[in-house]
Ligand SMILES: Nc1ncnc2c1ncn2[C@@H]1O[C@H](COP(=O)(O)OP(=O)(O)OP(=O)(O)O)[C@@H](O)[C@H]1O
């Protein structure tokens, strides 16, 4: 079994060749598209492993020739252009797999083995053209994993659950899935399920007939109907009241809805993308999120990394937002590398959203066209205390507490610990969805001690874990 390797970097080619040979393949290597096509027209290969940027052209743009010469041969694409755009272009070729560089060499070898074992290539080249100006910025390794997952759901209608802290780009990912997927001609309808009062959820999601309740003056199509043929984005799903969860589950199971006050079963054809910044599993354990709904939604999970785990992306994001701000009429600025590096070291508790807001403020306030580190410092200074991990935030909080509460001399230590215990317990209980046993484990204290302290502090674990 032989593999054709198209790679113009000698050292990478060497490593790949060694790994594939260890898997029992014979490797034929070339370094150009012309040579690739010549070899393919002369010989049959079990698989093609190809780089994208080659001296005589683009390995993806020219994949049509490969398909003509070897229609069923699995293709594995390697690329250093780690953008969502490249990932999507690669997946549009119907490639078996796409590897952003740097990649795990053993995983590549395993994938080639799988591809050859699978016998045939996946779907042929797509008819859709890649969309220009893809919205997601960032080429860090954790974002690569996100792009890969996105490409996996573009040619199907599987339900996607987007997870990640607030401001990490969950809604943007949902939009990208819609815009790049097979439903892009249809509508993208977003609904923040946490923002709708419990009693209105049903009519908001499923619509109502005229006269269904006081105030229902006309027939109203709900979000499910509005999303017909497109994508329905259910945001903040973890904050949805229990009763609404049950109704949603029913709609998802049956693929149809009934308007409030209506009789007719209306079948709905929309791709569902849900998102939450909550950890749903402990909520299931605590009985605040329906397990069956979770399984319905969690078909393809895509987890977005917090910004602190991809500090490498901060400079690119900052420059992207400066350009966006300029496009919206704010003064045009650029960032020096030092300034970008300084932003990269800052803790962005609100993730990309906070960085974005900061950059817009910067665009408005900065005096010089070229923003250097010294121009950033005064704007970053007030945020220092924001860092919940760093001592600065706690220092300020403790200082404030001491002045505000003014505990009795002799009792400061006990009172301070008690004051700290409450928010600590509440935060940990939220993380565990109100589960005391897990909270005790995470805190590293005895569960009876925790139970006793919760009683003394009058904290109801389920109450505090419940969405506000
Ligand atoms: N990778 C990215 N590239 C460019 N812009 C981004 C990226 N990620 C997020 N943004 C921008 O950051 C802001 C916040 O993103 P978004 O609203 O998608 O976050 P979210 O995770 O849905 O937040 P929440 O959980 O609070 O709803 C938006 O303005 C979005 O356009």
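Residue numbers (our numbering): 1066 to 1533.
For every residue, glycine included, the Cβ atom is placed at its ideal position computed from N, Cα and C.
As the structure is a computational prediction, the values presented were derived from the model and not from experiment.
For residue 1372, there is no enclosing alpha helix (DSSP H), as DSSP marks it with neither H nor E.
Excluding five sequence positions before and after residue 1219, the CB atoms of its chain that fall closer than 6 angstroms to its own CB belong to 1245, 1246, given in chain order. A distance below 8 angstroms between beta-carbons, with the five flanking residues on each side excluded, links residue 1146 to the following residues of its chain, in chain order: 1117, 1118. Annotation for residue 1522: no alpha helix (DSSP H) segment contains it, and DSSP assigns it neither H nor E. Under DSSP, residue 1400 forms a beta bridge with 1436. Residue 1497 and residue 1463 have their alpha carbons spaced roughly 26 angstroms apart. Residue 1446 counts as exposed, since fewer than 16 other beta carbons sit within 10 angstroms of its beta carbon. Listed as beta-bridge partners of residue 1144 by DSSP are 1165. The straight-line gap separating the alpha-carbon atoms of residue 1394 and residue 1383 is approximately 17 angstroms. Separation of residue 1313 and residue 1337 (C-alpha to C-alpha, rounded to the nearest whole angstrom) is 11 angstroms. Judged by DSSP secondary structure, residue 1259 falls outside any beta strand (DSSP E); it is assigned neither H nor E.
With respect to residue 1165, residue 1204 sits close: the two C-beta atoms are nearer than 9 angstroms. Look at the beta carbons and you see the region 1466-1477 not touching the region 1488-1508: under three pairs across the two are nearer than 8 angstroms. In this structure, residue 1079 lies away from residue 1095, with their beta-carbon atoms at least 9 angstroms apart. A heavy atom of ligand 1 is found nearer than 8 angstroms to the CB of residue 1208. A distance below 7 angstroms between beta-carbons, with the five flanking residues on each side excluded, links residue 1488 to no residue of its chain. Per the C-alpha coordinates, the member of 1517, 1213, 1363 positioned closest to residue 1227 is 1363.
Between residue 1431 and residue 1438, the C-beta gap is not smaller than 9 angstroms, which leaves the two residues out of contact.
Remark: the shortest separation between the CB of residue 1232 and any heavy atom of ligand 1 falls under 8 angstroms. Straight through space, the alpha carbons of residue 1524 and residue 1501 are spaced by roughly 11 angstroms.
As DSSP reads the structure, residue 1122 sits in a beta bridge with 1119. Between residue 1152 and residue 1248, the CB-CB gap reaches or exceeds 9 angstroms. In the DSSP assignment, residue 1207 falls outside any beta strand (DSSP E) and lies within the alpha helix (DSSP H) extending over 1206-1217. Between ligand 1 and residue 1229, a heavy atom-to-CB distance of less than 8 angstroms is present.
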